[in-house]
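Enquirer: Protein chains in written order, with the numbering used here: chain A, 20 to 227; chain B, 143 to 681.
Here a beta-carbon is modelled for each residue, glycine too, at the ideal position from N, C-alpha and C.
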Amino acid sequence: MGETGETLVNLNINGRSITAPTSLSVIQALWHSGYPRVKSIGCLQGVCGSCRVMVRHADSHEVKTGLACQLLVEEGMQVSFLVFPNPTHHAYDLTDIKSSWEVQARFHQIFPEADHCRHCGGCDVSCPKGIEVERGVELAAKGRFSEAGDLFVECVMCDLCMTACPEYISPNHVGLFSRRVSAYFHIRPSNLINRLEKLRKGELQVEI
Amino acid sequence: MPQCIPYSEALAAYAPCEFRQPAADQVSTDELLRDFHPDHIAGSMSPLRIGPNAGDTCHTELVRLLQSDARIDEADLAGAETLETDVLVIGGGGAGCAAALTAAKRGARVMLTTKLRLGDSNTVMAEGGIQASVEKGDTPQMHFEDTTKGGHHHVDRPLAAQMVMDGPKVIRWLIQQGMQFDVDKYGDLLTRRAGGTSAPRVVHFRDYTGLEMMRVLREAVANSNIEVLDYSPTVELLSNEDDHCAGAVISSLKNCSYMLVKAKAVILATGGIGRMHLNGFPTSNHFGATGDGLVLAYRLGAKLRDLDSFQYHPSGLAFPQHLAGTLITEGVRSAGAYLLNAHGERFVDELQPRDHVAAAIIRECRQGRGIRVSDDSVGVWLDTPGLELRTPGILETRFPKLLQLGRKAQVDLKLKPILIYPTLHYQNGGVVIDVHGRSTVPGLYCIGEVTGGIHGRNRLMGNSLLEIISFGRRAGRHAAEYAHDRAHTRGSIEHVSDLRRTLTLAGLSMAHEGPLLFPTYAKFESDSDYDGLHRSKRE
Chain A
20 MGETGETLVN LNINGRSITA PTSLSVIQAL WHSGYPRVKS IGCLQGVCGS
70 CRVMVRHADS HEVKTGLACQ LLVEEGMQVS FLVFPNPTHH AYDLTDIKSS
120 WEVQARFHQI FPEADHCRHC GGCDVSCPKG IEVERGVELA AKGRFSEAGD
170 LFVECVMCDL CMTACPEYIS PNHVGLFSRR VSAYFHIRPS NLINRLEKLR
220 KGELQVEI
Chain B
143 MPQCIPYSEA LAAYAPCEFR QPAADQVSTD ELLRDFHPDH IAGSMSPLRI
193 GPNAGDTCHT ELVRLLQSDA RIDEADLAGA ETLETDVLVI GGGGAGCAAA
243 LTAAKRGARV MLTTKLRLGD SNTVMAEGGI QASVEKGDTP QMHFEDTTKG
293 GHHHVDRPLA AQMVMDGPKV IRWLIQQGMQ FDVDKYGDLL TRRAGGTSAP
343 RVVHFRDYTG LEMMRVLREA VANSNIEVLD YSPTVELLSN EDDHCAGAVI
393 SSLKNCSYML VKAKAVILAT GGIGRMHLNG FPTSNHFGAT GDGLVLAYRL
443 GAKLRDLDSF QYHPSGLAFP QHLAGTLITE GVRSAGAYLL NAHGERFVDE
493 LQPRDHVAAA IIRECRQGRG IRVSDDSVGV WLDTPGLELR TPGILETRFP
543 KLLQLGRKAQ VDLKLKPILI YPTLHYQNGG VVIDVHGRST VPGLYCIGEV
593 TGGIHGRNRL MGNSLLEIIS FGRRAGRHAA EYAHDRAHTR GSIEHVSDLR
643 RTLTLAGLSM AHEGPLLFPT YAKFESDSDY DGLHRSKRE
């Protein structure tokens, strides 16, 4: 038991043995033990994707992936921080896609590997947000971008699926492309457009 | 603090119910803030003794930062690699990305340097949404009035006016970058109210507005010709013989060396200071929010304002400990969730501005009507079950991220309320700027949370996401033009020698180095991986 009556556990983070109360996340446990750590820490709320780790729980041989700010410490846990992969080689500019009729053709030029999915499930297993990544890629490859994009609502761009993919598909970037083209070509709110027109005509001003 | 009601006792007494009497809150905002807001804690402030704001008072820890010694000497720059660009953007959050994209679009060569990774910022965590007057019953004028009133009439009015006029254009620009917003079945933008707004005006993407914005802007920058230097904290700005800003000194966490970046214009977009944990408060802020931009700009002679004013967000999670400080979106209060004390009473109008609500929560806890888990954790209830009862299904459809947070805290928010307490959230003040984002130092632009004036002494929800894009684009545009007409000048850190003379003459200690770069508990200063960047290790 710790000072405040909490249960203490022993675990290993990046090769260092650490003892910490069970109420802490992996990153808080590092701070608690006084180990320095500057890189791979971000929002501490599970939305920036910086603190990618591999983790093995005491009762299992399986190595899983996760986000260290969201992972509570456990007895016998082994954690290892993962560096970020190089940026994806898929490059595109939305303004180069001249109309929504072209999106599907352009998608396959930009992401030629998206057709090569082996259905190994690596992306699904690696995703800390439980996204149906593989299905998203399949939908995008079929040109169903709106559906594909909706699957990636919670994606934090941690790139773990990119690391896991043997075909270099960059599934999270496929998901983001799907979301971006849907907004770029299809979000046309009449209330916004109406207001922009009024502003353009100078009908609305602010009296300071 | 008197003993609050123990958690188990308060929870046993709680039952969700459809109607609760509104608070009989008679006290004036001024009185409430004076007695309970953390900005007014006795003995926490001191006067600044050097620099353009000498004589102003602010939090003692901030005074120490602004009067700190530089991290580098001339000697550190001998043999340092020198890079050149037209526009240098410092900071990789929403403001920095918007500025960089806009400047690049205008034909400028742009370099963006960021302490951690591109997108590691407070932007990514913003949940509530972004304000823009798009509804029929709303006008930019009403948006302006709400902003000035929320800021206690202490705002820079031309800046606020410019921001509200930009609102609808900002939303269009974001859609053009590929950002999604929640729309109704006809495709119109959905809007909601926020504390201090007189009309529904906050547009949003679920409670992931900031995440959606940041991943889109990050992707846009990554797919442009902007050169991005990540893991590269800026440790000093460069000045030329006319005292203009002429670039920056960047440190690299990858190879522990310094680089000089010569730039014709510099845009500072470094964000806020939550990770300084003023007054010992938890924070909702990103790991990198250590006020670096404030001290960099101040040393170069930039005027600051409202440095004594911070926003404590009313609804930080108070318990469990591993999530303490995590933000719960204000959107849930605008949707109609009540705040309740240990006796199940509403004690404040939940849609008052943030400073008012935060002070009221602190009052309840100080006067013994809070709920107590341990010496470190007290708070009040956020009554999500009551909201679910009045509007069945709302948590599932509108607040998926909140429900997920509840699961992590092992609370089913549809059945049980959750404990909240104010968390250090936003730096209201900062560098004085004009409508183009220009600071008082020529060549130095500042945008986003590092600036002051737009929000006065209290910011409304949804106005910061608007500000970062509105002023990010303004500064990007102006800086690109400014750079176009100029040649590079010789930049140096001569101002650091001046700083040291001034510190010595004022009898001030040089024991502290700034910018901080990282929170103390990250132990950067003792991390042997970065010995090359520590002065104490080099001497």
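1) Looking at C-beta atoms only, is the number of pairs between the stretch 182 to 191 of chain A and the stretch 211 to 224 of chain A that lie closer than 8 angstroms three or more?
2) Shorter than 8 angstroms from the beta carbon of E226 (chain A) to some beta carbon of chain B?
3) Under a CB-based cut-off of 8 angstroms, is Q128 (chain A) close to chain B?
4) So, under 8 angstroms CB-CB, A302 (chain B) and G585 (chain B) are touching, yes? Tell me the CB distance rounded to an integer number of Å.
5) For A405 (chain B), does the count of other Cβ atoms within 10 angstroms reach 16, so buried, or fall short, so exposed?
6) Taking the alpha helix (DSSP H) that V388 (chain B) belongs to, which residues open and close that run?
7) Could you tell me the alpha carbon to alpha carbon distance between L219 (chain B) and A502 (chain B), rounded to whole angstroms?
8) Helix, strand or coil for Y328 (chain B)? Go by DSSP, reduced to three states.
9) Is the Cβ of L223 (chain A) closer than 8 angstroms to any Cβ of chain B?
10) By DSSP, does I313 (chain B) sit in helix, in strand, or in coil?
11) Determine which residues share a DSSP beta bridge with H620 (chain B) and list them.
12) Chain B partners of P208 (chain A), CB-CB under 7 angstroms?
13) In the DSSP output, which residue or residues are listed as bridge partners for Q168 (chain B)?
14) Ignore the nearest five residues each way along the sequence and tell me which others in R219 (chain A)'s own chain have a CB closer than 6 angstroms to its CB.
15) Does any residue of chain A bring its CB to less than 8 angstroms from the CB of M321 (chain B)?
16) Name the DSSP beta bridge partners of Y149 (chain B), please?
17) Between the alpha carbons of P300 (chain B) and Q552 (chain B), how many angstroms are there, rounded?
18) How would you list, in chain order, the residues of chain A whose beta-carbon sits under 8 angstroms from the beta-carbon of P584 (chain B)?
19) Cα separation between L545 (chain B) and R475 (chain B)?
20) According to DSSP, is M253 (chain B) part of a helix, a strand, or is it coil?
21) What in chain A is Cβ-close to P462 (chain B), meaning under 9 angstroms?
22) Throw me the rounded Cβ distance for the A160 (chain A) and V92 (chain A) pair, which I believe falls under 8 angstroms.
23) What number of angstroms, rounded off, separates the C-alpha of P282 (chain B) from the C-alpha of D330 (chain B)?
24) Reducing DSSP to helix, strand and coil, say where R56 (chain A) ends up.
25) For the beta strand (DSSP E) holding I536 (chain B), just list the boundary residues, first then last.
26) Ends of the alpha helix (DSSP H) at P282 (chain B)?
27) Which residue from B:P158, B:L153, B:A152 and B:A154 puts its Cα closest to that of Y480 (chain B)?
28) Hey, does E22 (chain A) have any beta-carbon neighbour from chain B nearer than 8 angstroms?
29) Tell me the rounded alpha-carbon separation between L243 (chain B) and R75 (chain A).
30) Compare the Cα-Cα distances from L659 (chain B) to each of B:S210, B:M307 and B:L174 and report the closest residue.
31) From B:N605, B:R508 and B:E354, pick the residue whose C-alpha is nearest to that of V66 (chain A); which is it?
32) Could you spell out where the alpha helix (DSSP H) holding W120 (chain A) opens and where it closes?
33) Less than 6 angstroms between C-beta atoms, sequence neighbours within five positions excluded: which residues of the same chain meet that for I409 (chain B)?
34) Taking 8 angstroms as the threshold (beta carbon to beta carbon), is W6 (chain A) in contact with chain B?
35) In or out: E655 (chain B) buried (at least 16 other Cβ within 10 Å) or exposed?
36) Thinking C-alpha only, which one of B:C146, B:F178 and B:A212 is nearest L645 (chain B)?
Expert: In terms of the structure at hand:
1) no
2) yes
3) no
4) Contact doesn't hold; Cβ gap of about 25 angstroms is too wide.
5) buried
6) Per the sequence shown, the amino acid found at residue 388 (chain B) is Ala instead of Val. Not the alpha helix (DSSP H): A388 (chain B) falls in the beta strand (DSSP E), residues C387 to S394.
7) 51 angstroms
8) coil
9) yes
10) helix
11) None; H620 (chain B) has no bridge partner.
12) V325, G329, D330 and L331
13) BP columns for Q168 (chain B) are empty, so no partner.
14) none
15) yes
16) According to DSSP, Y149 (chain B) bridges with nothing at all.
17) 47 angstroms
18) Correct list: empty, because the minimum Cβ distance to chain A is about 26 angstroms.
19) 15 angstroms
20) strand
21) S42
22) Not quite, the Cβ-Cβ distance comes to about 40 angstroms (not below 8 angstroms), so this is no contact.
23) 18 angstroms
24) coil
25) Run containing I536 (chain B): none in the beta strand (DSSP E); it sits in the alpha helix (DSSP H), I536 to R540.
26) P282 to G292
27) B:P158
28) Confidence is the limiting factor: at E22 (chain A) the pLDDT is only 42, short of 50, which leaves the residue's position unreliable, though a coordinate-based value still follows. So no, E22 (chain A) is outside the interface.
29) 41 angstroms
30) B:S210
31) B:E354
32) From DSSP, W120 (chain A) is part of no alpha helix (DSSP H); its letter is neither H nor E.
33) V231, A241, Y587, A617 and A621
34) Nothing can be reported for residue 6 (chain A): it is not among the residues displayed for chain A, which extend from 20 to 227.
35) buried
36) B:A212
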